[in-house]
Amino acid sequence: MVRPKRTVVKANEVNTRSKSAVSPAGVSKRKPATARKLTSNDTSNSAVVQKPTATSKKPIFDHWLMKSEPDSRYEKGVEMKFSIDDLIKEPKSTAHWDGVRNYEARNLLRDQMKLNQQAFFYHSNCKQPGIVGVMKIVKEGYPDHTQFNKSDPHYDASSLLDKPKWYMVDVKYVRKTKRLISLEELKKLHTEHKKSLPKGVLHDLSLFTRSRLSVQPLTKEQFDFILKLEHQDK
DNA sequence: GCCAACGTTGGC
DNA sequence: GCCAACGTTGGC
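So our numbering is basically just the index in the first sequence, starting at one, shifted up by 977.
Listed below in structure tokens is the structure:
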């Protein structure tokens, strides 16, 4: 599994409004992320995803961006790094994205991420933050076992076996992007897209509007737009 | 290493 | 349920 960069912190299920999450898939290790609340608000999901209706224009989020730290960092004595190369090295290049400890992210992992959907692998908290590859969801949300492991940095004593608080998905490596699509570049585009008259597709990219979320939702339009950048020289 | 943004905790 | 204090994320 991967590890997110953040730590565990057990979030309790209390905050309703929170939203962040992090965590990568994990293969070998995992890291946490945050998500939103749970128990109490299981029903209220984050509002991130909506269903299409003939009349509404709510965006459909069926693509993802998942953050992981490629550089070595220790949390409770456990190394948290998980780069795209680490994912590639996993058996079948597949990992669980464990360690997310944020309710909003948890809700995405548990409820919204579906089989075969694509996700960007994003390197964070490193020299060159940005998108480095593409992966796909190969197993939908299921309980993150690390919450029950006392020796795991993301152990959560408040989570019950029969009512797990935290979830993860499995992701499989698809390919690296032809080049790093940097945070800097995305930020520039985001700024332009906010200013342009009809706003551009990246005007509300969650990487900037919800920067601390470790698992972020994207529309197909956003995903495709960003992926096309790999063909530009930059 | 700093620090802004924002999530979490816990008293009241 | 509010909100101040505190903790974390993650870019810079």
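Ideal Cβ positions, reconstructed from N, Cα and C, are used throughout, including at glycine.
Exercise for the section: Using beta-carbon positions only, say whether V1148 and I1114 come within less than 8 Å of one another. Expected result: yes
Practice task
For the stretch 1067-1123, list the alpha helix (DSSP H) runs that are entirely contained and at least 4 residues long, ordered along the chain.
Solution key: 1080-1084
Practice task
To the nearest angstrom, report how far apart E1081 and T1186 are at their CA atoms.
Solution key: 14 Å
Exercise for the section: Determine contact between the stretch 1050-1066 and the stretch 1130-1146, defined as no fewer than three beta-carbon pairs at a distance below 8 Å. Expected result: yes
Practice task
Specify the secondary structure class of Q1209 as computed by DSSP and reduced to three states.
Solution key: coil
Handout entry: Spatially closest choice to K1205 from Q1193, P1194, L1179, S1191, by CA coordinates
Key = L1179
Practice task
Have a look at F1200, E1046, Y1144 and flag the residue whose alpha-carbon is nearest the alpha-carbon of I1061.
Solution key: E1046
Handout entry: Sub-8 Å separation of K1122 and V1109 beta-carbons
Key = The sequence shown places His at residue 1122, not Lys. Contact flag unset, no.
Practice task
Can you grab the Cα-Cα spacing for the pair W1143 / K1155, in whole Å?
Solution key: 34 Å
Problem - Span of the alpha helix (DSSP H) around K1140 - result: K1140 -> no alpha helix (DSSP H), and no H or E assigned at all.
Exercise for the section: Counting only the same chain and skipping the five closest in sequence on each side, list residues whose C-beta sits under 8 Å from that of E1207. Expected result: T1154, K1155, R1156, I1158
Exercise for the section: Compute the Euclidean distance between the alpha carbons of R1083 and V1077, then round it to the nearest angstrom. Expected result: 7 Å
Exercise for the section: Below 8 Å on the Cβ atoms is my guess for Q1105 versus F1038; work out the distance and round it to an integer in Å. Expected result: Going by Cβ atoms, the distance from Q1105 to F1038 rounds to 26 Å, so no, they are not a contact pair.
Problem - Contact set for L1092: own chain, Cβ-Cβ below 8 Å, skip 5 residues either direction - result: I1114, V1115, K1116, E1117
Practice task
Could you name the residues of the same chain whose beta carbon sits closer than 8 Å to that of R1087, not counting the 5 residues immediately before and after it, in chain order?
Solution key: G1118, Y1144
Exercise for the section: Taking all protein chains shown into account, decide if S1191 is buried (16 or more other Cβ within 10 angstroms of its Cβ) or exposed. Expected result: buried
Problem - Beta-ladder partner(s) of Y1152, from DSSP - result: Reading the sequence as shown, one finds Arg at residue 1152 and not Tyr. Bridge partners of R1152: V1111.
Problem - Where the beta strand (DSSP E) through K1044 begins and ends - result: 1038-1045
Exercise for the section: Assuming K1211 and E1162 form a contact by the criterion Cβ under 8 Å, report the distance between their Cβ atoms to the nearest whole angstrom. Expected result: 6 Å
Handout entry: Outcome for K1044 when other beta-carbon atoms lying within 10 angstroms are tallied against a minimum of 16
Key = buried
Exercise for the section: If I'm right that L1042 touches L1184 with Cβ under 8 Å, what's the distance once you round it to whole angstroms? Expected result: 6 Å
Handout entry: Element boundaries [alpha helix (DSSP H), containing L1163]
Key = 1160-1172
Problem - Under 8 Å between C-beta atoms of Q1094 and H1040 - result: yes
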